[in-house]
Amino acid sequence: MGQSIEATLDDIEATLKEARGNLTKSKAGYIFGILTKLKNERKELALNFLRSYEPEEAKKYLLALNGVGPKTASCVMLFNLQLPSQPVDTHIFRIAQRLQFVTDKFKPAEVETWFEENLPKTWQTHYEFHLNMIEHGMNTCKAQNPKCDICVLNKLCPSADTKD
Ligand code: SF4
7 MGQSIEATLD DIEATLKEAR GNLTKSKAGY IFGILTKLKN ERKELALNFL
57 RSYEPEEAKK YLLALNGVGP KTASCVMLFN LQLPSQPVDT HIFRIAQRLQ
107 FVTDKFKPAE VETWFEENLP KTWQTHYEFH LNMIEHGMNT CKAQNPKCDI
157 CVLNKLCPSA DTKD
């Protein structure tokens, strides 16, 4: 018994295309594979059972799914499972380097691990930090011409470029 997968591979691919995704064929295959695994192993097409896992264990489970990389696993944890995790996008990557939390040798997945080890290990902290970092990157610590003069971090930031 349990839930059945009503969508076909083509349905999933069409939905991804509608959402203007790229690599829709291979992504549809990965999603179908994960749904099939959940149906066979858990009889339920959901990942909610991971909410009771320790964050490290939940991430291990997600990363073992075919087609799931560190950023996807982290996004699922932060935005769906309410587990502490820190997906690293271009803004977070850039700010972490400018603040010299990490060196320019770090890869995004290593920056993610750095934040997960150094931020308080609560979902709320990770969630608010994530949103604030992205807003900071979009409005102040921009890729080109960061607004260091008005940045609240300019007295602490090793990369601050202020006129005074
Ligand atoms: S001081 Fe400048 S480089 Fe440093 S975080 Fe602020 S905007 Fe970014």
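For reference, each letter of the sequence shown is one residue, going 7 to 170 in the working numbering.
Backbone N, C-alpha and C fix where the C-beta goes; we use that ideal spot for every residue, glycine too.
Fair warning: this is a prediction, and the values are worked out from it, not measured in the lab.
| query | result |
| --- | --- |
| Would P112 and L125 qualify as a contact pair, given that the criterion is a beta-carbon distance under 9 angstroms? | Here the sequence assigns Phe to residue 112, which means Pro is not the residue at that position. Contact flag unset, no. |
| Just reading off the alpha helix (DSSP H) that Q103 is part of, what are its end residues? | T96 to R104 |
| Check each candidate in N86, I18, Y36 and Q103 and name the one with the smallest Cα separation from A70. | Y36 |
| Check whether the segment 47-61 touches the segment 18-28, taking contact to mean three or more Cβ pairs, one atom from each stretch, closer than 8 angstroms. | no |
| Do you know whose CA, among V158, L68, K77 and T14, lies nearest A115's CA? | K77 |
| In angstroms, rounded to a whole number, what distance separates the CA positions of S91 and S80? | 5 angstroms |
| With a 10 Å radius around its C-beta and 16 neighbouring C-beta atoms as the bar for buried, classify A149 as buried or exposed. | exposed |
| To the nearest angstrom, how far is it from the Cα of I18 to the Cα of A34? | 5 angstroms |
| Excluding sequence positions up to five away, which residues of its chain have a Cβ less than 7 angstroms from the Cβ of I101? | M139, H142, G143 and C147 |
| Closer than 8 angstroms: is that where the CB of D167 sits relative to any heavy atom of the ligand SF4? | yes |
| Just confirm the distance between the C-beta atoms of K45 and I11, as a whole number of angstroms; I'd bet it's less than 8 angstroms. | 6 angstroms |
| In angstroms with no decimal places, state the Cα-to-Cα distance between K49 and T42. | 9 angstroms |
| Could you check the C-alpha separation between C157 and Y133 for me, to the nearest Å? | 21 angstroms |
| By Cβ distance below 8 angstroms, which residues in the same chain neighbour N72 in space, the five residues on each side in sequence not counted? | Y36, G39 and I40 |
| Looking at L53: is its Cβ nearer than 9 angstroms to the Cβ of V82? | yes |
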